[in-house]
Structure formats: structure tokens, C-alpha cells
Amino acid sequence: MSSGDREIRDRSTVDLAHIAGHVAELRLGEANDVGIQLRLSPGPALTSGDPVMLERIVHNLLENAISYNNPGGWVSMTTAAEPDGTAVLAVTNTGPTVPGYDMEAIFQPFRRLQADWVDSERGSGLGLAIVRNMARAHGGDVTAVPREGGGLVVTVWLPPDAATQ
0 MSSGDREIRD RSTVDLAHIA GHVAELRLGE ANDVGIQLRL SPGPALTSGD PVMLERIVHN
60 LLENAISYNN PGGWVSMTTA AEPDGTAVLA VTNTGPTVPG YDMEAIFQPF RRLQADWVDS
120 ERGSGLGLAI VRNMARAHGG DVTAVPREGG GLVVTVWLPP DAATQ
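Heads up: the sequence shown at position 65 corresponds to 64 in numbering that gives the first Met the number 0, and the numbers run straight through without jumps.
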């Protein structure tokens, strides 16, 4: 059983806005190198969990959004809290059109869109599967929907931080 397959027991209060800012700073050079503009809209999004795993969620989503994009495109990363305190991270990108019927399949291990099988430089197809496992281990979930004009909107919901409720 991988660490993402079980519930997280040792939890710390974490603001997804801080993690998103940190990861965006780390990936900014890569985005600039391939002509992708990063947009960050951080709002408080408190949750509790394993900070390293939560950073991995953000890292994987940003890495995918940059890798599966169009030259001159953009990636937007937003964090916020819903009225009930649920922490939300949304990563939106420009990119190729993704059929709605492929949304569930992209969360399966080693699954990439058909056209990407010949391009091994883009990864192994584990990024979104890991994101889903880690989000669920934290009591949350993740969804993806196609963005009109191409690209995706991937949204992670995590339970509110009990210490701040």
C-alpha cells in the first residue's frame, strides 16, 4: 500500500495559498523556458494534512499544466475556501482539446491521452493518479473538466482545518 492509499494521521495546519506560491516560484523558470505564463490567485485555503504530500499535489498539477500546454499558453492556479471552510485548489491551463469522456481515464495510473503515448518526455502517466490518491488520503477529492477552447480545469477539494473551525 502506498502512502497515498491510507488516511493521513499526523496532520498540520496548512494554507494551500502558501504551498501554491512556493511551487509556482519553483516552476516559474520552467514555465518561462517553454513560453507559458503563470497566473497565481492565492486566497486563504486552510486544511490539515501532511505538508509534503500536499506540496506534491500542487507540484504534480502544475507540472502537468505546464507540460500539456500550447506554446504561448498560460496556467492559472487559484486557492480559496468555500463557505463551509473546504479548501479548494484549481489549476486551469490552455492546451489541447481533451474529450469529456477521457476525464476519468486521466486519473488512472499509466494512462495518458492517446496522442501522448509516443511522447515519453511528458511523463509516465502517474501524476494525476498520485494527486487523486493523496487528495483522498486527506479526506478530499479531485476532478477534471475540459476547458472550452482546450486545456483542463483540475480542482482539488480538501476538508477544512478542524483547528480553525
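Don't be surprised by glycine CBs; every beta carbon is placed ideally from N, CA and C.
Close CB contacts of residue 23 within its chain, under the 8 Å cut and outside five residues either way in sequence, are with 37, 39, 61, 76 (chain order). Closest in C-alpha terms to residue 142, from the list 88, 19, 25, comes 88. Where residue 92 is concerned, the enclosing beta strand (DSSP E) starts and stops at 86-92. Following the DSSP letters along the chain, one finds residue 48 inside the beta strand (DSSP E) bounded by residues 45-48. Residue environment for residue 144: exposed (fewer than 16 other C-beta atoms within 10 angstroms of its C-beta). If you look at residue 76, you'll find it in the beta strand (DSSP E) that goes 73-80. With 16 or more other Cβ atoms inside 10 Å of its own Cβ, residue 47 counts as buried.
The alpha-carbon separation between residue 56 and residue 133 amounts to approximately 7 Å. Separation of residue 106 and residue 17 (C-alpha to C-alpha, rounded to the nearest whole angstrom) is 25 Å. Around the beta-carbon of residue 32, fewer than 16 other beta-carbon atoms lie within 10 Å, marking it exposed.
Residue 45 is a Cβ neighbour of residue 159, given a cutoff of 9 Å.
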